[in-house]
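Visitor: I have a structure I would like to understand better, so I am pasting it below and will then ask my questions one at a time.
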Amino acid sequence: MRFSPNIRYAIRLLFELSSLSEPVSTAWLAEKIGMTVRTVENIHAVLRRENITAGTVGAKGGIRLLVPLEHISLGKLVLLFDSGVDFAVCCGDKSNECPNQDECGIRSVWKAVSRNVQQHLDGIFLDVILRQYPNGPNGILLNTFHLKKKKPDSAMSPSSRASLPETKTGKQK
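If you want the numbering used here, it's the position in the sequence shown, counting the first as 1, plus 2.
And the structure:
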């Protein structure tokens with residue numbers, strides 16, 4: 003079983019938003035975390051419907067996190083982006099399409115495995131994952147998702163650094 007890329011993208015987006023104290027534009031966020039603007043918009047649309055993020059239009063607008071990471075589980079993201087954990091087609095939304103479902107002896111096993119994995123993921127919260135990486139969101143991005151390393155903020159020109167939003171500690175990101 004594999005999770006959709008959208009779950010990984012959502013985690014990256016949420017980690018980045020959690021480190022900021024003000025809303026950021028979709029374009030800025032897309033560049034910062036290495037996604038297309040369209041991908042950020044699509045992920046944000048799902049998260050916004052669940053009141054996890056919010057977006058405002060205008061000069062002071064942008065995307066911001068509404069829910070702390072300690073209230074967002076991997077299980078919640080799997081439900082939002084993959085409709086939950088299903089190890090076999092007969093366990094999920096298309097279960098009525100199986101011609102053998104009435105006499106199948108393994109269906110209940112797959113359903114139990116799927117349910118147990120979902121429950122396990124429901125107990126893994128994003129703040130715990132973030133704390134396990136001393137480098138913060140960038141460490142997670144680089145170590146977990148194998149992204150190409152970007153220039154550190156210190157290598158940016160002073161003019162580009164000035165346009166970065168502040169973190170919750172008051173330092174520029």
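Every residue gets a Cβ at the ideal spot worked out from N, C-alpha and C, and that includes glycine.
Given the structure is predicted, the values throughout are model-derived calculations rather than measurements.
Using 8 angstroms as the Cβ pair cut-off and three pairs as the minimum, do the segment 43-61 and the segment 105-115 touch?
Guide: Verdict: no, contact absent.
Visitor: How would you call residue 64, buried or exposed, if buried means at least 16 neighbouring beta carbons within 10 angstroms?
Guide: As a working mapping, residue 64 is identified with position 62 in the sequence shown. When all chains shown are included, residue 64 counts as buried.
Visitor: Quick one: grab the DSSP three-state call for residue 38.
Guide: As a first step, residue 38 must be located in the sequence shown, where it is residue number 36. Three-state result, residue 38: coil.
Visitor: Answer with buried or exposed for residue 104, where buried requires no fewer than 16 other C-beta atoms within 10 angstroms of its C-beta.
Guide: For the purposes of this step, residue 104 is taken as residue 102 along the sequence shown, with counting starting at 1. Label assigned to residue 104: exposed.
Visitor: Could you tell me which of 107, 74, 52, 33 sits nearest to residue 125, measuring between CA atoms?
Guide: Reading the sequence shown from its first residue, position 123 is the one you call residue 125. When each option's Cα is compared against that of residue 125, the closest is 74.
Visitor: Any beta carbon from chain C within less than 8 angstroms of residue 59's own beta carbon?
Guide: Here chain C cannot be found, since the structure has a single protein chain.
Visitor: So is the beta-carbon of residue 36 under 7 angstroms away from any non-hydrogen atom of the ligand COA?
Guide: Inclusion of the ligand COA in the displayed structure is not the case, the ligand content being empty and no account of it being possible.
Visitor: Rounding to the nearest angstrom, what Cα-Cα distance links residue 23 and residue 134 in this structure?
Guide: Reading the sequence shown from its first residue, position 21 is the one you call residue 23. Reading the sequence shown from its first residue, position 132 is the one you call residue 134. Spanning the two alpha carbons is a distance of roughly 22 angstroms.
Visitor: Once the 5 residues before and after residue 52 are set aside, which same chain residues still bring their CB inside 7 angstroms of it?
Guide: Numbered from 1 along the sequence shown, position 50 holds the residue referred to as residue 52. Answer for residue 52: 82, listed in chain order.
Visitor: Let me make sure I understand the geometry here. Which of 5, 4, 21 has the alpha-carbon closest to that of residue 70?
Guide: Along the sequence shown, one-based indexing puts residue 70 at 68. Checking every option, the nearest Cα to that of residue 70 belongs to 21.
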